[in-house]
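Residue numbers (my numbering), protein chains in the order written: chain A, 53 to 359; chain B, 984 to 1193. Read through the structure below, which is laid out as structure tokens, and then see the notes.
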């Protein structure tokens, strides 16, 4: 029992330092979301807000569990003890959520156990690389992300569902929030470390390279936003369709932040808020407002480019 | 002492190695060689049971347990946000019934965060953590010299030779010249098979002739 406690202690210490290493922004971001989420769930004011928060929890748990220590634990502890450690670890991470919802809804609790404990456990045990082949190989960032973290795309399915639900009950605000979470997903992909040695030693012109990347990213973002765009055509009007398209364009412009990348979610979030702001002011004559996105990122970026 | 009767080792539908029937009667250093991707690491992984295989591994007539294996992979897993000292302590909690050995193989600053260590130092930290204990059932070194400087390679080689005097030690390496003189037996992995190479045969010829 003592060794179990100590092993978990070091796993949690490692995780805490991972979140706070060099930049504690991510940790505080998660902590604030977590506390607000718990508070919101405890009051259970609105079915949809609960769903949105629940999605955030799922995201958080999946993000926490990007673990590759199962083989090591299995070697050291044997299969069953290693499994026990992982299950307890998942359980400890999910305790606040499980505790609160156990008083609210039994069926919701069962879904939580399935998603928060069973799913990440299966993902840990059956780590395999799979490919989502729609992304261009010219820019390996997206295709690499798809192979490395294919389960991240589960979030998109949830977002599409929320978009559909929002439109089916005429909740346009929720639809836009869900659409913007696609941008958060995109920013998450852009937050992957970029190794630029190839560009540095290449004789390719920088402008040509960047325009090529812009087009590739635009195409990739359109792919993942396609269901949302389809929903705007089916349920809304051409203005809404153009608005979503505009947001997609704004997100594509952010691609270049990869080269400086900020590994801080709070800073990233500023970029997102600016996009939302601009999208809300959508007007073809105000296209120049994209400039603040670039400006905000220039100010906030922290160069951690790898060569 | 250690008996292997393995019909096949596989990933999904793909068979990596087949028909392995070996008997390691004596303590000593056993070398496994072959080209990249031939299946050396896969073979060694059967002893920690992280690959699928049909067959049996017995140690002194009993089923072999993967728990008491000193496993030193090419690229060891580490909790990178722990300090080296914390990782030693963490490893200690995963060990049962193994007496402590006082000296570490490598002398390194244990207060450093693993994340901030070089590849070589990380590997040294892992080796220190594993070999701070003795009495493992089996020692496996998979490409142990990769990433280490020359001095560290000789320190590690000496340690491996010492261990092989009283234990069964498996090693795979591409630096044949260094370890060949100390080998009890040598094996070559080729075409999904594990072939024993006679003592008088120079293993380098297996590569050069082709």
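Quick reminder that beta carbons are idealized off the backbone N, C-alpha and C, glycines included.
Exposure label - residue 336 of chain A; buried when at least 16 CB within 10 Å: Confidence at residue 336 of chain A is low in this model, with a pLDDT of 49, below 50, so the placement of that residue is unreliable and no value is reported for it.
Do you know whose CA, among B:1143, B:1173, B:1174 and B:1172, lies nearest residue 1161 of chain B's CA? B:1143
Range covered by the alpha helix (DSSP H) that runs through residue 127 of chain A: 122 to 129
Along chain A, which residues have their Cβ under 7 Å away from the Cβ of residue 1031 of chain B? Those are 127, listed as they occur along chain A.
Once the 5 residues before and after residue 181 of chain A are set aside, which same chain residues still bring their CB inside 7 Å of it? Low local confidence applies: a pLDDT of 47 at residue 181 of chain A is under 50, so the model's placement there is unreliable, with the coordinate-based value given in what follows. If we look at residue 181 of chain A and ignore the five residues flanking it on each side, its Cβ neighbours are 199.
Would you say residue 131 of chain A lies against chain B (beta-carbon separation less than 9 Å)? Closer than 9 Å: yes.
Consider the Cβ of residue 79 of chain A: report whether some Cβ of chain B lies at a distance smaller than 9 Å. no
Report buried or exposed for residue 1045 of chain B, applying the criterion of at least 16 other Cβ atoms within 10 angstroms of its Cβ. Answer is exposed; the Cβ neighbour count stays below 16.
Pairwise C-alpha distance: residue 296 of chain A and residue 1128 of chain B: 55 Å
Measure the alpha-carbon distance for residue 303 of chain A versus residue 211 of chain A and round it to whole angstroms. 17 Å
Any chance the segment 1173 to 1180 of chain B sits against the segment 1017 to 1032 of chain B, with 3 or more Cβ pairs inside 8 Å? Judged by Cβ distances under 8 Å, the segment 1173 to 1180 of chain B makes contact with the segment 1017 to 1032 of chain B, as three or more pairs qualify.
For residue 1021 of chain B, collect the residues of the same chain with a Cβ closer than 7 Å to its Cβ; drop the 5 residues on either side in sequence, then sort them by chain order. 1172 and 1173
Are there 16 or more other CB atoms within 10 angstroms of the CB of residue 227 of chain A, so buried, or fewer, so exposed? buried
What does the alpha-carbon distance come out to for the pair residue 1103 of chain B and residue 1092 of chain B? 13 Å
Secondary structure at residue 1021 of chain B, three-state DSSP: helix, strand or coil? coil
Chain A contact for residue 1052 of chain B (CB, 9 Å cutoff): Answer yes: the Cβ-Cβ gap between residue 1052 of chain B and chain A drops below 9 Å somewhere.
Does the Cβ of residue 1050 of chain B have 16 or more other Cβ atoms within 10 Å, making it buried, or fewer, making it exposed? buried
Is the shortest distance between the beta-carbon of residue 1114 of chain B and the beta-carbons of chain A less than 9 Å? no
Using the Cβ count rule (16 or more neighbours within 10 Å means buried), how would you classify residue 83 of chain A? exposed
What residues of chain A sit near residue 1089 of chain B, judged by a beta carbon separation below 7 Å? When 7 Å is used as the limit between beta carbons, residue 1089 of chain B is near no residue of chain A, the shortest such separation being about 20 Å.
Leaving aside the five residues before and after residue 1037 of chain B along the sequence, list all residues of the same chain whose C-beta is less than 6 Å from its C-beta, in chain order. 990 and 991
Suppose the cutoff is 7 Å on Cβ atoms and the five residues either side in sequence are ignored; what does the same chain contact list for residue 183 of chain A look like? Low confidence applies to residue 183 of chain A: its pLDDT is 49, below 50, so where it sits in the model is not reliable enough to give any reading.
Should residue 1014 of chain B and residue 1151 of chain B be called a contact, given that it needs their Cβ atoms to be closer than 9 Å? no
Coil, strand or helix - residue 170 of chain A by DSSP: helix
Measure from the alpha carbon of residue 230 of chain A to the alpha carbon of each residue in A:283, A:134, A:260 and A:131, then state which is nearest. A:283
How many Å lie between residue 76 of chain A and residue 1095 of chain B at the Cα? 19 Å
Listed in chain order, which residues of the segment 1058 to 1083 of chain B have Cβ atoms closer than 9 Å to some Cβ of chain A? The segment 1058 to 1083 of chain B vs chain A, Cβ under 9 Å: 1059, 1060, 1061, 1062, 1063, 1064, 1065, 1069, 1070, 1072, 1073, 1074, 1075, 1076, 1077, 1078 and 1079.
How would you list, in chain order, the residues of chain A whose beta-carbon sits under 9 Å from the beta-carbon of residue 1049 of chain B? Using a Cβ-Cβ cut-off of 9 Å, residue 1049 of chain B is close to 126, 127, 130 and 131 of chain A, given in chain order.
For residue 1004 of chain B, which residues in the same chain have their Cβ closer than 7 Å to its Cβ, ignoring the five residues on either side in sequence? Leaving aside the five residues that flank residue 1004 of chain B on each side, the residues in its chain whose CB is nearer than 7 Å to its CB run, in chain order, 987 and 988.
Got a sec? Which residues, its chain only, sit under 6 Å from residue 994 of chain B by beta carbon, not counting five neighbours each side? none
In the DSSP output, what is residue 1125 of chain B paired with across the bridge? B:1155
Helix, strand or coil for residue 1038 of chain B? Go by DSSP, reduced to three states. Three-state DSSP puts residue 1038 of chain B in a strand.
For residue 1039 of chain B, which residues in the same chain have their Cβ closer than 6 Å to its Cβ, ignoring the five residues on either side in sequence? 988
What does residue 1198 of chain B touch in chain A if you count any residue whose Cβ is under 9 Å from its own? For chain B, the structure presents residues 984 to 1193; residue 1198 of chain B sits outside this window and is missing.
Cβ atoms of residue 73 of chain A and residue 1070 of chain B: under 9 Å apart, would you say? Not in contact: residue 1070 of chain B and residue 73 of chain A (Cβ atoms no closer than 9 Å).
Return the residue from the list A:218, A:56 and A:143 that minimises the CA-CA distance to residue 170 of chain A. Nearest to residue 170 of chain A by C-alpha distance, out of A:218, A:56 and A:143, is A:143.
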